[in-house]
Every structure is written in structure tokens, then in C-alpha cells.
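Taking it in order: structure first as C-alpha cells, then the write-up.
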Amino acid sequence: MSPITLILIALGLGLLGWLAGRAKAWGFASSDPALRPASRPIYHAWYVALWVVIPVLLFVVAWSVIAPQLVLQSVLASPAAESLPAFGFERDAFIGEARAVALGQAPGVFNDEAEALIAPFRDAYAQYNTIGILVTVLIALAGGALAFLRLRPQFGARTRVERTVLMILLLASLVAILTTLGIFVSLVFETVRFFGMVSPIDFLFGTKWGPDTMSSPEAVDPSRYGAVPLFWGTLFIGAIIAMIVAIPLGLMSAIYLTQYADPRVRTWVKPLLELLAGVPTVVYGYFAALTLAPMIRDAAVAVGITSASTESALAAGIVMGVMIIPFVSSMADDSMAAVPGAMRDGSLAMGATKSETIRRVLFPAALPGIVAGVMLAVSRAIGETMIVVMAASPAANLTANPLEPMSTVTVQIVKLLTGEQSTDHPATLSAYALGFVLFMVTLALNFIALRVVKRFREAYE
Amino acid sequence: MSSSVLPRADDAGAHPLGPTRTPAFEARLAKRYRAERNFRLVGMSAVIFSVAVLVFLLGNMLINGIAGFQRAEMEVTIDFPASGVSGDAVSLTAPSAMQTLEMQGLPDVILFFAESQVGKDAAEQISSDAWRDVAAALADDPDLITRSATFRLPTSSALASGLQGEGAPEMQALAQKLANEGKLARNWDWGFLSRSDATSPQAVGIWGALKGSMLTMLVTLVLAFPIGVLSALYLEEYAPRNRWTDIIEVSISNLAAVPSIIFGLLGLAVFLALFPGLRSAPLIGGMTLALMTMPVIVISGRNAIKAVPPSIRDGALAIGASPVQVVFHHVLPLALPGMLTGTIIGMARALGETAPLLLIGMRIFVATPPEGFASPATVLPMQIFLWSDEIDRGFVERTSAAIIVLLVFLLTMNGLAIYLRNKFEKRW
Numbered sequence: 001m002s003p004i005t006l007i008l009i010a011l012g013l014g015l016l017g018w019l020a021g022r023a024k025a026w027g028f029a030s031s032d033p034a035l036r037p038a039s040r041p042i043y044h045a046w047y048v049a050l051w052v053v054i055p056v057l058l059f060v061v062a063w064s065v066i067a068p069q070l071v072l073q074s075v076l077a078s079p080a081a082e083s084l085p086a087f088g089f090e091r092d093a094f095i096g097e098a099r100a101v102a103l104g105q106a107p108g109v110f111n112d113e114a115e116a117l118i119a120p121f122r123d124a125y126a127q128y129n130t131i132g133i134l135v136t137v138l139i140a141l142a143g144g145a146l147a148f149l150r151l152r153p154q155f156g157a158r159t160r161v162e163r164t165v166l167m168i169l170l171l172a173s174l175v176a177i178l179t180t181l182g183i184f185v186s187l188v189f190e191t192v193r194f195f196g197m198v199s200p201i202d203f204l205f206g207t208k209w210g211p212d213t214m215s216s217p218e219a220v221d222p223s224r225y226g227a228v229p230l231f232w233g234t235l236f237i238g239a240i241i242a243m244i245v246a247i248p249l250g251l252m253s254a255i256y257l258t259q260y261a262d263p264r265v266r267t268w269v270k271p272l273l274e275l276l277a278g279v280p281t282v283v284y285g286y287f288a289a290l291t292l293a294p295m296i297r298d299a300a301v302a303v304g305i306t307s308a309s310t311e312s313a314l315a316a317g318i319v320m321g322v323m324i325i326p327f328v329s330s331m332a333d334d335s336m337a338a339v340p341g342a343m344r345d346g347s348l349a350m351g352a353t354k355s356e357t358i359r360r361v362l363f364p365a366a367l368p369g370i371v372a373g374v375m376l377a378v379s380r381a382i383g384e385t386m387i388v389v390m391a392a393s394p395a396a397n398l399t400a401n402p403l404e405p406m407s408t409v410t411v412q413i414v415k416l417l418t419g420e421q422s423t424d425h426p427a428t429l430s431a432y433a434l435g436f437v438l439f440m441v442t443l444a445l446n447f448i449a450l451r452v453v454k455r456f457r458e459a460y461e
Numbered sequence: 462m463s464s465s466v467l468p469r470a471d472d473a474g475a476h477p478l479g480p481t482r483t484p485a486f487e488a489r490l491a492k493r494y495r496a497e498r499n500f501r502l503v504g505m506s507a508v509i510f511s512v513a514v515l516v517f518l519l520g521n522m523l524i525n526g527i528a529g530f531q532r533a534e535m536e537v538t539i540d541f542p543a544s545g546v547s548g549d550a551v552s553l554t555a556p557s558a559m560q561t562l563e564m565q566g567l568p569d570v571i572l573f574f575a576e577s578q579v580g581k582d583a584a585e586q587i588s589s590d591a592w593r594d595v596a597a598a599l600a601d602d603p604d605l606i607t608r609s610a611t612f613r614l615p616t617s618s619a620l621a622s623g624l625q626g627e628g629a630p631e632m633q634a635l636a637q638k639l640a641n642e643g644k645l646a647r648n649w650d651w652g653f654l655s656r657s658d659a660t661s662p663q664a665v666g667i668w669g670a671l672k673g674s675m676l677t678m679l680v681t682l683v684l685a686f687p688i689g690v691l692s693a694l695y696l697e698e699y700a701p702r703n704r705w706t707d708i709i710e711v712s713i714s715n716l717a718a719v720p721s722i723i724f725g726l727l728g729l730a731v732f733l734a735l736f737p738g739l740r741s742a743p744l745i746g747g748m749t750l751a752l753m754t755m756p757v758i759v760i761s762g763r764n765a766i767k768a769v770p771p772s773i774r775d776g777a778l779a780i781g782a783s784p785v786q787v788v789f790h791h792v793l794p795l796a797l798p799g800m801l802t803g804t805i806i807g808m809a810r811a812l813g814e815t816a817p818l819l820l821i822g823m824r825i826f827v828a829t830p831p832e833g834f835a836s837p838a839t840v841l842p843m844q845i846f847l848w849s850d851e852i853d854r855g856f857v858e859r860t861s862a863a864i865i866v867l868l869v870f871l872l873t874m875n876g877l878a879i880y881l882r883n884k885f886e887k888r889w
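Those protein sequences? They're chains A and D, same order as listed. The first sequence runs 1 to 461 under my numbering. The second sequence runs 462 to 889 under my numbering.
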């Protein structure tokens with residue numbers, strides 16, 4: 001029984017409870033002001049409905065975790081399960097096949113051993129589905145009856161409903177904390193396991209990266225887990241090449257559009273620039289890999305650099321820079337708009353030209369904000385994945401030549417975690433360690449940048 | 462410039478404007494004005510360059526993509542009464558019609574008629590799955606079986622690239638010959654929008670990926686929208702100023718800045734560890750993307766709530782509404798258009814997202830559209846990524862065509878957001 005069905009049953013019963021509660025509360029109406037009900041009928045209705053739905057939802061969540069286990073237990077206890085291999089891959093495969101057939105997801109089984117398990121699976125599912133529905137209905141009825149019997153003219157239904165609503169709001173906002181905690185804990189947990197196999201010193205300062213996913217997990221060669229080439233590749237593509245493209249273009253676009261351009265031009269061009277940020281990264285990656293990278297390689301070969309690669313850092317970096325342009329430009333826009341108009345007017349009144357005012361007054365005053373914007377842009381560039389997965393190289397390379405292939409942290413995370421991998425292998429765990437480093441660096445960049453922006457805003461207010 | 466209309470200063474002392482307008486001054490002024498012009502020019506070229514890159518990018522996709530909506534098709538006339546293939550309205554529309562027709566030798570019948578009409582070499586280049594198209598046509602119109610009908614059947618990708626002047630010389634010659642006879646042409650291929658992934662670029666379609674995207678987005682919306690809106694309401698309207706609230710706010714702004722691939726790591730380490738059977742499922746993909754989208758909705762939602770003037774709240778409180786009634790009866794309806802705008806923008810970002818889904822196993826070959834939230838699926842951007850890895854020339858065009866479809870969806874969503882913002886934006 002899918003949880004969705006149980007939830008629908010709960011919602012249907014909730015609606016019944018809602019109607020019953022409202023009908024009962026209508027009967028409380030009285031012309032005598034002293035006997036006027038404490039809450040309007042609608043709150044009585046909601047009170048009953050909440051008592052029906054919330055306990056059932058809690059049960060459904062618990063049940064959808066427990067039920068598959070119970071089904072499996074009862075199937076394994078059946079006589080047909082005795083012929084199964086004791087453990088291992090085959091056993092799981094048979095069980096999976098039989099389950100799929102029993103649920104109607106697959107037309108038939110490949111292995112005859114699985115055939116015998118279909119019937120026990122069907123029986124178990126039928127049995128536990130009935131139990132699930134019965135318990136759902138019982139809980140809903142019990143909750144609804146309890147709430148319904150408490151309804152009185154003087155009952156404070158509104159206060160209780162509102163308190164529940166506030167609890168739900170609080171729970172919703174706790175999801176953010178849970179997510180942050182979830183990210184942090186899962187990354188730290190796997191990273192600590194990785195550092196149990198490879199020392200942090202080797203990982204952070206080693207200069208050779210080449211995890212061997214085929215090697216035995218017991219015989220770890222720490223010298224293959226030096227992440228420096230990846231950190232360098234990430235910085236070189238995301239913080240150097242991309243920024244060389246994005247900072248001048250973004251900054252000058254922002255200056256031109258806010259200080260020089262006709263307002264009519266601005267209303268058309270600004271959304272166009274913002275479109276650059278809305279293009280999915282997979283499209284940029286495709287463009288970098290199939291159009292720009294061969295172009296750059298051909299150009300390099302034409303001027304005599306035959307070692308140029310089609311997986312060069314340059315192509316990925318340039319395209320990433322283009323993606324970041326609107327980001328830099330809107331941050332520069334905001335920071336220059338925050339500079340008080342009096343400073344600009346003062347400079348113009350002294351006879352400075354517009355460009356002199358921008359370069360000597362507006363820009364220095366807005367510099368902290370712009371620097372913060374660039375930091376945010378860098379944090380976005382180093383975490384960018386698809387462009388580098390498609391255009392940069394899977395092979396880590398410690399070089400300063402932008403025409404050579406280079407790899408980044410995100411490329412390695414994708415490479416190590418897609419496909420079949422064992423969860424205990426150091427190569428798999430190293431991807432989490434890389435993710436942890438990426439997470440901490442982007443957090444630090446954002447933290448510093450937001451503080452700079454805040455302090456800078458306060459300075460002018 | 463103004464310096465040209467003013468009288469020139471030949472000797473410093475005698476000038477009517479005083480001793481400042483020396484030749485050196487004039488030179489400096491000219492230089493400053495030149496710098497001004499240059500600066501302006503640099504700014505303009507930065508804007509022009511950025512827009513040109515955008516135009517080049519989109520134009521490139523469009524030109525390639527238009528070819529991706531077409532495929533090479535060969536004209537073959539099949540005389541059904543003479544073919545030995547039989548059936549009636551019932552058997553041809555039954556779910557088992559495909560198997561029945563295959564058993565009756567439909568593929569060989571097609572090959573036979575093709576050989577007699579275009580020759581053996583050309584007949585061999587008809588796609589091996591072409592009979593499925595014929596079977597589908599028969600299911601649509603069972604009457605065809607009683608007469609002779611002309612079909613346009615997909616060719617092999619070798620012949621298709623031959624038609625475009627690429628690939629093996631003998632294929633190019635064959636394609637040229639057939640095209641001159643009017644038997645081979647590139648036609649609009651609307652089936653691209655209704656088929657799923659396949660191994661040949663002639664037979665692929667994006668419906669499977671599109672359906673996967675829709676299922677995933679539905680999960681994302683159902684999870685992220687209520688949670689995002691409710692947290693925004695709590696933080697903006699009820700949260701006491703204390704350390705807990707600060708932690709929630711810091712978490713949300715951090716989550717908005719975390720690289721998307723980190724959410725993929727979370728999905729892999731937590732969701733897939735909890736539900737190992739749901740690898741590649743839209744349910745897990747949607748949950749992962751929901752965590753990524755939720756902070757965007759919270760942040761835009763808070764801005765929308767802030768824009769509701771306090772006088773509305775004061776007015777409602779003054780006539781006896783409770784704090785919950787103030788928010789749900791007055792603030793929320795007024796803030797909802799702004800929240801919807803933020804939600805659509807967040808959803809558009811999630812729709813274009815690939816990286817986190819790579820890690821939770823949505824990088825798979827899906828030949829039939831996913832049936833539900835728990836069946837293996839892929840999404841549109843992932844399909845683009847998968848096709849971009851293929852070497853076959855035909856896939857380059859198909860990839861661009863898929864990109865066009867994705868961009869059309871994104872543009873529609875963003876356009877809708879802008880429309881909503883303009884329609885419901887209120888100035889208080």
C-alpha cells in the first residue's frame with residue numbers, strides 16, 4: 001500500500017471530521033450573549049480535522065519505514081524462503097525480483113528460485129496492507145472522536161488550533177537547520193572515515209591525485225590522494241580564468257548600464273544580461289565542450305602550440321566567466337547604488353568628468369561591496385559542476401598552462417561517485433572529503449563577503 | 462566640446478577668462494575628454510560583448526537544434542493485401558498488436574517491399590525498428606491493412622549523415638541517389654517529442670526525460686513550496702529575536718549559497734542510505750532538489766511579506782483579529798503573488814539543475830517513460846548531458862534540439878514569473 005493512499009484516506013476522514021465538527025458547533029449558537037460560544041464553528045471544525053490528520057500522518061511516516069521490513073520478515077519466515085542462498089548478492093536479487101513481480105512492477109522473474117517467493121510476497125503485502133488501512137482508520141476515528149467529544153460552547157478551539165498552526169510553522173523553519181546539520185554531519189562522518197585511511201596531511205598537501213577505484217580497500221596508497229592539483233585546478237579555472245573574464249565585463253557592463261545608458265536601453269539590455277545567469281549550466285557545458293574547446297585548440301595549434309588540449313582549462317574557465325557576468329554586474333550595481341548621491345554630485349560639481357567621478361569617487365567608495373560580490377562570484381564558480389565535468393579533464397594535472405587539461409574538485413566528486421562504487425572504498429570516501437573542503441571554503445567565502453557588505457552598508461547609512 | 466567655442470588663449474595674461482586657459486590646460490582638457498569617451502566606449506563594448514555571447518550561444522543552439530527536430534526518412538509503399546500480413550480493427554489496436562505483427566513477419570515484409578522499390582543497398586539502411594512505426598500507424602488507422610499505403614520510415618544513422626554530406630563516401634552517394642529519386646528526405650520529426658531515449662539518434666526522443674523532469678519537479682514543488690512559505694511566515698511574522706532564530710536565518714542564507722553538488726552528496730549519503738531501493742527515482746531527485754529550492758522560496762517569500770505595509774496588520778489587530786488570523790487572512794493573500802514569483806524562479810533553477818542528480822543515480826539510460834515516482838527516471842538536463850557524450854554526429858543535433866526544449870520551458874517559467882510580478886505588484 002503506497003503511503004499516498006493512506007494519506008488520501010486520512011485527508012478524506014479529516015474532511016468528514018471537519019464537517020462533523022462544524023455541524024456540532026453550529027448547534028452552539030445562542031441568542032443569549034452570556035452563552036455565546038468562545039470560538040467560531042470553523043475553529044471547532046479545524047480542531048477535529050487536525051486531530052484526525054496529524055496522528056495519522058505520524059503513523060503513515062512510521063509505517064512506511066516499518067512495513068517493508070515486516071513484509072520481508074514474514075516472507076523469509078515462510079517455507080519457500082528456506083531454499084534461498086544464505087546471504088550475498090544472489091539472495092538480494094531473488095528477493096528483489098519476487099517483490100517486483102508481486103507489486104506488479106515487473107512482468108515475470110528471470111530466476112526460477114524467485115518464482116516460489118512471489119506468492120509469499122503477495123500474501124504478506126495483502127496482509128500488511130489490510131493492517132495498515134485498519135490502523136489508519138482506527139487512529140483517525142479515535143482522534144476524531146476524542147476531539148469531537150471535547151467540543152463545548154465554552155471550549156477554546158481557536159486558541160488550540162492557532163497554537164498548532166504556530167507549531168507547524170516552527171517545524172517548517174526547522175527544516176533548514178536539519179538540512180544544514182544533515183549536510184555537515186554526513187560530510188564530516190565520511191571525511192573522518194577517509195582520514196582514518198589517508199592522513200589529512202597527505203590529502204591536503206600531496207601533489208599527486210589518482211585514486212585507484214579497483215585497488216583493494218585494505219591496501220591504501222596515501223600518495224595517490226594528494227588533492228593539491230585539484231585545489232589548484234579549481235582555483236585556476238574558477239577564481240583566475242573565470243574572474244579575468246567576469247570582473248571586467250561584469251563591472252563595465254554595470255557601470256555603463258547604470259551611469260551612461262539611456263533608460264530605454266537599460267530596460268531591454270538588463271534582462272538580456274540576466275538571461276545569461278538563467279541558462280542551465282549543462283547548456284554552458286555543452287557549449288564549452290563542443291564549440292569553444294575545439295575552437296581554442298585549433299587557434300592554439302595554428303599559432304604553433306601543438307600540446308594544446310581539447311579539455312583545456314581555458315575553455316571551461318571562459319564559459320564559467322560568461323556565466324558569472326550577470327552575478328558580478330548585479331553586485332556592482334547594488335554597491336554603487338548604495339553610495340550616497342551627495343558624493344557623486346560633489347565630484348561632478350567640482351568639474352570632474354563622469355568617468356573621473358566613477359573611477360575616483362564611486363568606484364573606491366563601492367569597492368568593499370564589489371570585493372564582496374567578487375568573493376560570492378568565486379564561491380559560485382568553484383562549486384560549479386556541469387561546465388567543468390563536460391569541458392575540463394578527469395585527469396588531475398598540476399600546471400599553470402591554461403591550454404593543458406586540468407581537473408577540479410567537483411569533477412572528481414562526480415567521477416568518483418557515479419557508477420558502481422563500494423561505500424567503504426577510500427576512493428569513494430575521498431569524494432566526501434573533497435565535498436567537505438568545498439563546503440567549508442564556500443561557506444567561509446560567503447560568511448566573509450556578507451559581513452563586508454553589512455559593514456559597508458552601515459558605513460553609509 | 463565646449464573648448465572649441467571659447468576664444469583661444471594665445472598669451473596667458475590677456476585672456477578674458479583669466480590666466481587658467483593655457484595651451485597646456487587645453488591639452489589636458491582634451492585628454493580628459495578623450496579618456497571620458499574611451500571609458501564610455503569600453504563600457505559599451507562590455508555590454509555588447511556580453512549580449513553577443515548570449516546571441517551566439519542561443520543562435521548556435523537554434524541552428525543545430527532545428528536540424529535535430531528533423532530526421533532522414535525513406536519512402537516505402539507497402540501493399541498490405543499482397544503482403545500476407547493480416548488483421549482487423551480489433552487485433553491491430555490490441556495491446557499485443559506489436560507482437561502479433563512481428564510474428565507475422567512485418568519487418569521482413571517492409572524489407573521486401575523496400576528492396577523492390579529502392580534496391581537492396583538502400584533497403585538495408587532502413588532502421589531496424591522502422592516496423593514499429595508501421596505498426597503504430599496501423600493501430601491508428603486499421604483500415605490501412607486493406608490497401609496499399611506509403612510510409613516514411615526512419616533510416617540508419619549512417620545513411621542520415623550521408624544525406625547531410627558527411628560520413629562514408631558510398632553512403633553519401635547512395636543518399637544522393639535516393640534523394641534525387643525523391644525517395645529520401647529530411648522531414649520534421651514530431652515523434653522526437655513523444656519517444657524516449659534509444660541507441661540510435663534517428664530513434665531517440667525526449668518524452669521519457671521530460672516526464673521524469675515533470676515528476677521530479679512535482680515532488681520538489683509539493684515539498685519546497687509549503688515548507689518555504691511556512692518558514693518565511695514564521696521568520697517574518699512570529700519568530701522571537703533570539704539565538705534560535707538567528708541560527709535558522711544563518712542556515713537558510715548558507716543553504717542558498719551552498720554549491721548544488723553538495724546537495725547531491727547529502728542525497729546520496731542520507732536519502733539513498735534510508736531508501737536504497739529508490740536509486741534514480743524522481744522521488745529522491747525531487748527531495749534533493751526541494752532542499753536546494755526551499756531557501757530560494759524562503760528568501761523571496763520574506764521579501765514579499767516585508768513589502769506588505771504594517772498598517773494592514775495594525776488595522777486587522779485593531780478590530781480584534783488574532784495574530785494567526787492577521788497573517789493567514791490578510792498578510793498571506795497579499796504576499797502570495799510575490800511568493801509565487803520566487804517559487805517559479807526557484808523551480809526554473811531546479812529544472813535546469815543536473816549536478817546533484819548525477820550523484821543520486823539519475824544518469825541512466827531510460828528507454829521507456831518512468832511510470833511513477835519510484836521508478837527509475839532521468840531528467841531533461843541529464844538527457845542533454847548523456848547525449849553530449851555520444852560520438853554519433855546525429856546526437857549533436859538531437860542534443861541541441863533537447864536544449865531548445867529545455868530553454869523554452871525555462872523561458873516560459875521566467876516569463877510567467879515576470880508577468881505575475883507585473884500583474885500583482887502593488888505600490889502601497
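Ideal Cβ positions, reconstructed from N, Cα and C, are used throughout, including at glycine.
Range covered by the alpha helix (DSSP H) that runs through residue i
| i | result |
| --- | --- |
| W268 (chain A) | 263-278 |
| E190 (chain A) | 157-197 |
| E858 (chain D) | 854-885 |
| P3 (chain A) | 3-26 |
| M295 (chain A) | 293-302 |
| S347 (chain A) | 341-349 |
| T554 (chain D) | 550-554 |
| P837 (chain D) | From DSSP, P837 (chain D) is part of no alpha helix (DSSP H); its letter is neither H nor E. |
| H44 (chain A) | 41-77 |
| G373 (chain A) | 363-383 |
| R774 (chain D) | 771-779 |
Sub-8 Å separation of residue i and residue j beta-carbons
| i | j | result |
| --- | --- | --- |
| I391 (chain A) | T408 (chain A) | For the record, residue 391 (chain A) in the displayed sequence is Ala; it is not Ile. Cβ distance not < 8 Å, so A391 (chain A) and T408 (chain A) don't count as in contact. |
| A685 (chain D) | M800 (chain D) | no |
| A81 (chain A) | V75 (chain A) | yes |
| A25 (chain A) | L151 (chain A) | yes |
| P222 (chain A) | W209 (chain A) | no |
| T706 (chain D) | G725 (chain D) | no |
| F541 (chain D) | T607 (chain D) | yes |
Residues near residue i in its chain [Cβ-Cβ closer than 8 Å; skip 5 each side]
| i | result |
| --- | --- |
| R593 (chain D) | M559 |
| R824 (chain D) | L818, T839, M843, F846, L847 |
Residue i burial status per 10 Å Cβ neighbour count (16 or more: buried)
| i | result |
| --- | --- |
| H425 (chain A) | buried |
| M350 (chain A) | exposed |
| K884 (chain D) | exposed |
| T815 (chain D) | buried |
| P831 (chain D) | buried |
| H44 (chain A) | buried |
| S674 (chain D) | buried |
| I524 (chain D) | exposed |
| T681 (chain D) | buried |
Close-in-space but distant-in-sequence residues of the same chain around residue i (CB under 6 Å, 5 per side omitted)
| i | result |
| --- | --- |
| M197 (chain A) | V220, P426 |
| L251 (chain A) | A332 |
Element boundaries [beta strand (DSSP E), containing residue i]
| i | result |
| --- | --- |
| F530 (chain D) | Taken as a continuous stretch (DSSP letters only), F530 (chain D) belongs to no beta strand (DSSP E), as it is neither H nor E. |
| P615 (chain D) | 609-615 |
Cβ shell of residue i (< 7 Å), same chain only, five flanking positions each side left out
| i | result |
| --- | --- |
| R122 (chain A) | A102 |
| Q531 (chain D) | R647, N648, W649, D650 |
Please give the ranges of any alpha helix (DSSP H) in the segment 619-690 of chain D, keeping only runs that are unbroken, at least 4 residues long and fully inside the region.
630-641
Unbroken alpha helix (DSSP H) runs of length 4 or more, entirely within the segment 493-531 of chain D: which are they?
none
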